[in-house]
Structures are given as structure tokens and as C-alpha cells.
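Novice:
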Amino acid sequence: GVWSWWLDMISGNIASHSRLLNSPEQLEHVKDQYELAAIVESITAEQANEKADKAEEKKKVAEAKAKKKAADAQQFQEDRAKLFDSLKEVASKGLEHVSELTNPKMKQLLTYFFDPSSERISGMNKAELKAELEQRWVEVEPLLGTP
């Protein structure tokens, strides 16, 4: 009766729909979608790996920089301790004597005896060194007991 007609219609629709879903074109389309998803995932994973590698490299560079900075600071303090007394003796002779020193000796005075706040001491000429020494002399003159 009525139900058999209804069941025939539903089973026919299912068979028709099944043929449509399982067609070679549809299967090829599904295969292409899976391949595309795999490619996108591969690219995403590769980018994540590159990002992690760059972050690791950046961290290593920062650590190396920090170690070098600490080592340089330690070396500076050691050099300063070695030279300080002899530079104090030179400075105690007065500004007139100091301004007649050689450029390397004036650079040592500015770097190790005075506070080395000027980063460009190494590039200064004699006139600039004298001017810098005169400017900073006020800092140490009371400590040296010079006129």
C-alpha cells in the first residue's frame, strides 16, 4: 500500500543521492580538499618552526650580548683598578700638566680616572680632550688638593 510506495520513494532518493555523493567528480573534489588542508597545515607548521627558531636565535644573541657586556664591565673595573693610582698621581700635578699630556694618556685619564660618561672619548682630538678635561676638572680638584 501506501507505505510501500513511500519506502520505494525514499529508497530511490537515497540511491540517487548516494550516486551523486559517490560520483568520481565528488570524490576528486573531496581528495583535493584534503590535499589543500594538508598543504596549509604543512605551511603553518613550517612557519611556526621558523618563528620558534628565530626566537631561540634571538634569545641566544641576547644572552651572548649580556655576557659580553658583563665581561667588558669586569675588564673595565680591573683596568681601572690597575691604572687609578698612577693616573691620580698624574692628575695631582695640576690641570696645566695634564693638558700637556699625550692624547692616549688624556684618554686614559678621562676613561679610568674620571667617570667615563662620554662614549666618544676614543674619537676626540687633542683640543676636545683638553676641553673635556677642563670641564671635568672641577669634579676632582677638591679630592686632589691641587690649587
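For the sequence shown, position 80 (counting from the first letter as 1) is numbered 80 according to the UniProt record's numbering, and the numbering increases by one without interruption. From the three backbone atoms N, C-alpha and C, an ideal C-beta is built for every residue, glycine too.
Using the C-alpha atoms, what's the distance from K54 back to K107?
Specialist: Taking the sequence shown and counting its residues from 1, the one referred to as residue 107 is at position 107. Taking the sequence shown and counting its residues from 1, the one referred to as residue 54 is at position 54. Cα to Cα, K107 sits roughly 40 Å from K54.
Novice: Over the uninterrupted alpha helix (DSSP H) stretch that includes M106, give me the two end residues.
Specialist: For the purposes of this step, residue 106 is taken as the residue at position 106 of the sequence shown. From DSSP, the alpha helix (DSSP H) with M106 extends over N103 to Q108.
Novice: Just to confirm, are L129 and L110 a CB contact at a threshold of 9 Å?
Specialist: On the sequence shown, position 129 is the one that residue 129 refers to. On the sequence shown, position 110 is the one that residue 110 refers to. In contact: L129 and L110 (Cβ atoms closer than 9 Å).
Novice: Measure how close the beta-carbons of Y112 and R80 come, nearest whole angstrom, since I'm counting them as under 8 Å.
Specialist: Looking up residue 112 in the sequence shown gives position 112. Looking up residue 80 in the sequence shown gives position 80. The pair is a contact, with the Cβ atoms about 5 Å apart (cut-off 8 Å).
Novice: Is L36 buried or exposed, if buried means 16 or more other CB atoms sit within 10 Å of its CB?
Specialist: Locating residue 36 in the sequence shown gives position 36, counting from the first residue. When all chains shown are included, L36 counts as exposed.
Novice: With a cut-off of 8 Å on the beta carbons, I'd call F114 and E139 a contact; round off their distance for me.
Specialist: If you number the sequence shown from 1, residue 114 lands on position 114. If you number the sequence shown from 1, residue 139 lands on position 139. About 7 Å; that satisfies the 8 Å criterion.
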